[in-house]
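This report refers to the structure that appears directly beneath it.
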Amino acid sequence: MVQTEAYTLGRLSQAIKTLEINQDNFEWRLNHMQSEEAEWQIDWQSTGKYPPLLEPLHTGIANLKNHVAYIEGKLTHLKGACTRWRSHISESRYNWSEHMGYLGHIIILLVTLAEMGNVLSQGAGEASSHGTEIVSFWASVSNNLVAFFNHPLPYVIVIGLYLIFVFPVLINKLVKWSKYQFRKFVKWFKYQFRNSSSLRGK
C-alpha cells in the first residue's frame, strides 16, 4: 500500500512538471505570436465571453497539486499507523516473552526443589523420624508439583486463560482498527470519486 501511494505520488509530480513545461511553452508561443505579421482574422461566431486559453491548464495543475498534497497526507498517516502497529506488536511480544520467562523460572525452581527433596529424603535414612517425615512431606509436595506441571493440564489452563482474558481484548482492538481503516477508505474513495466527476464535468 505504501509503495503504491509513493508510486502514484511520483507520477503526479511528473505530470505537474510536464504541465508546467507545457504552460511555459504555450505562454512563449502566445507572446511571440503577437510579434509575427499575419493577415488573418478570427470570427468566433459568438457574442459570449470565452475563458482564457490558459485557464484549463492552471485548473489542471491546481487539481494535481491538491491530489499530491492529499496523497502525501495519507502516506504520512499510513506510515504513522504502520509504526504504531509495529510498536504494539513488539510490546505485546516483549510482554509475552517476559511472562513465559517468569513461568520458566517458576518451573525450574519447582524442579530444583523436587530434586533437592529427593536427595534429602535418600540421605536422611539415619535421621530422626520427625525430620524424615518433614523432608518426605516436602519431597512429596515438590514431586506432586513437578508431576502437575509435566501434565498437559497446566498448559491447557494457561491457554484457556489467554483465550478468556487476552484474546478478546486483541480481537476488540483489531475490530476497532479495521472499522477505522474502512471508514478512512470510504472517505478517500468518495473524495476521489467527486474529484474525477468534477474533472469529467470540466
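Residue numbers (my numbering): 192 to 393. Ideal Cβ placement from N, Cα and C applies to all residues, glycine included. Please read all numbers here as calculations on a predicted model, not as lab measurements.
Going by the beta-carbon positions, is the gap between residue i and residue j smaller than 8 Å?
{"i": "isoleucine 252", "j": "isoleucine 280", "result": "no"}
{"i": "leucine 294", "j": "valine 259", "result": "no"}
{"i": "lysine 190", "j": "tryptophan 379", "result": "The shown model of the chain, from 192 to 393, leaves out residue 190, and the question about it has no answer."}
Hey, is residue i close to the ligand NAP, as in C-beta under 7 Å from one of its heavy atoms?
{"i": "glutamine 205", "result": "Looking at this structure, you won't find the ligand NAP or any other ligand, since it has none at all."}
Please list, in chain order, all residues of the same chain as residue i whose beta carbon is under 8 Å from its beta carbon, the five residues on each side excluded.
{"i": "leucine 210", "result": "Leu248, Gly251, Ile252 and Leu255"}
{"i": "glutamate 289", "result": "none"}
{"i": "tyrosine 261", "result": "Tyr382"}
For residue i, does the count of other Cβ atoms within 10 angstroms reach 16, so buried, or fall short, so exposed?
{"i": "tryptophan 231", "result": "For tryptophan 231, the pLDDT reaches just 48, beneath the cut-off of 50, and the residue's location in the model is therefore unreliable, leaving the point undetermined."}
{"i": "serine 319", "result": "Legend: pLDDT at serine 319 = 48, less than 50; position of this residue unreliable, value from coordinates given subsequently. Classification of serine 319: exposed, given that the 10 Å Cβ count is below 16."}
Who are the near neighbours of residue i in its chain, counting only those whose CB is closer than 7 Å to its CB and skipping five residues on each side?
{"i": "asparagine 286", "result": "none"}
Enumerate in chain order the residues of its own chain whose CB-to-CB distance from residue i is below 6 Å, with the five nearest sequence positions on each side excluded.
{"i": "isoleucine 299", "result": "none"}
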